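A.B. asks: Can you read through this structure? Questions will come right after.
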Amino acid sequence: TIEDTNTIASGDLDIVNAENVQLTFTSQTGTTGEYGTFSVNAAGNWVYELYANDESENGNKVQALEEGTVVTDTFTVLSEDGTTSEEVTVTITGTNDNPTVSATASTEIIEDKDASAQDISDRGTVSFDDIDTNDVIDITFASDANIVWSGGEIDSTLAAQLVAGFTTGVTDADAAGSTAWTYNVEDANLDFLAKDETITFSYTVTAADNNDGTATDTVSFTITGTNDRPKIETIDKSGALIEADDAAIL
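Every letter in the sequence shown is one number past the one before it in my numbering, and letter 2, counting from 1, is -14.
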């Protein structure tokens, strides 16, 4: 029986007594074992079923079996007259379960009143787990390459600056665990944003276990423009007036 793949095993038994007489069996229904339940009918037809992956204590015990781990469940079957018995041993092989990962959302970034050199900072948490005993986790991230300005085509230098601000990661971490994500950008020129215009972009955070199982989550960012006050500039247009020699009197 293989965890998550072949969850049911079955077979047939024959039993004879000391006089070599064929006997029937004492029936069992849903006898609980370490990793599953066992049933057998009077004719010796037996079925073994692994505990379901339903987040119950028994189900989690099955799911905790690591890739390639081999365990057994053994059941005793009695003849109907109780004089003879046989054992049925079921072998269970563990498979890899994917890890889980969840990243907290970012907070909205609002353009400052003077955003010609705005500093941006945010932080959150990446939480991860793996039900397989002794699996370790790596956390990595990648930009989704999807930065968009709602008002047009964003300047490529600013786009690269904004995308470069995110970081997170951990290597060979025990599960369950967590690590921080951070976002920091200095001196970003956001003054061009009109009221309610946005810049959006995101990152994919990946949890990978040591048996090539993976899970992902997304951290998205939104920068929202605000209304900038108009600027009034005083231009000096005064000059000297000089009377001409032949100026007429009106």
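Even glycine gets a Cβ: it sits at the ideal position worked out from N, Cα and C.
In this text, all values refer to a predicted model and were calculated from it rather than measured experimentally.
Using 8 angstroms as the Cβ pair cut-off and three pairs as the minimum, do the stretch 91 to 108 and the stretch 121 to 129 touch?
C.D. replies: The stretch 91 to 108, when compared against the stretch 121 to 129, does not touch it at the 8 angstroms Cβ threshold.
A.B. asks: When you compare only the Cα positions, how much space is there between Thr78 and Asp171?
C.D. replies: Reading the sequence as shown, one finds Gly at residue 78 and not Thr. Spanning the two alpha carbons is a distance of roughly 52 angstroms.
A.B. asks: How big is the Cα-Cα spacing for Thr163 and Ala27?
C.D. replies: If I take the Cα positions, the gap works out to 57 angstroms.
A.B. asks: Under three-state DSSP, which class holds Leu234?
C.D. replies: Legend: pLDDT at Leu234 = 47, less than 50; position of this residue unreliable, value from coordinates given subsequently. Of the three classes helix, strand and coil, the one that applies to Leu234 here is coil, per DSSP.
A.B. asks: For Val54, which of Ser111, Leu62, Thr75 has the nearest alpha-carbon?
C.D. replies: Among Ser111, Leu62, Thr75, the Cα nearest to that of Val54 belongs to Thr75.
A.B. asks: If you draw a straight line from the alpha carbon of Glu71 to that of Asn80, how long is it in whole angstroms?
C.D. replies: Each residue's alpha carbon lies about 29 angstroms from the other.
A.B. asks: Which residue or residues does DSSP assign as beta-bridge partners of Phe176?
C.D. replies: Per DSSP, none; premise fails for Phe176.
A.B. asks: Take Glu33 and list the residues in its own chain whose beta-carbon comes closer than 6 angstroms to its own, dropping the five residues that flank it on each side.
C.D. replies: Same-chain partners within the cutoff: Ile(-8), Gly20, Thr21.
A.B. asks: Using a 10 Å radius around the Cβ and a threshold of 16 neighbouring Cβ atoms, would you call Asp(-2) buried or exposed?
C.D. replies: Per the 10 Å Cβ criterion, exposed.
A.B. asks: Could you have a look at Gly43 and say whether DSSP puts it in helix, strand or coil?
C.D. replies: Three-state DSSP puts Gly43 in a helix.
A.B. asks: Going by the DSSP bridge assignment, what does Asn194 pair with across the sheet?
C.D. replies: None, per the DSSP bridge assignment.
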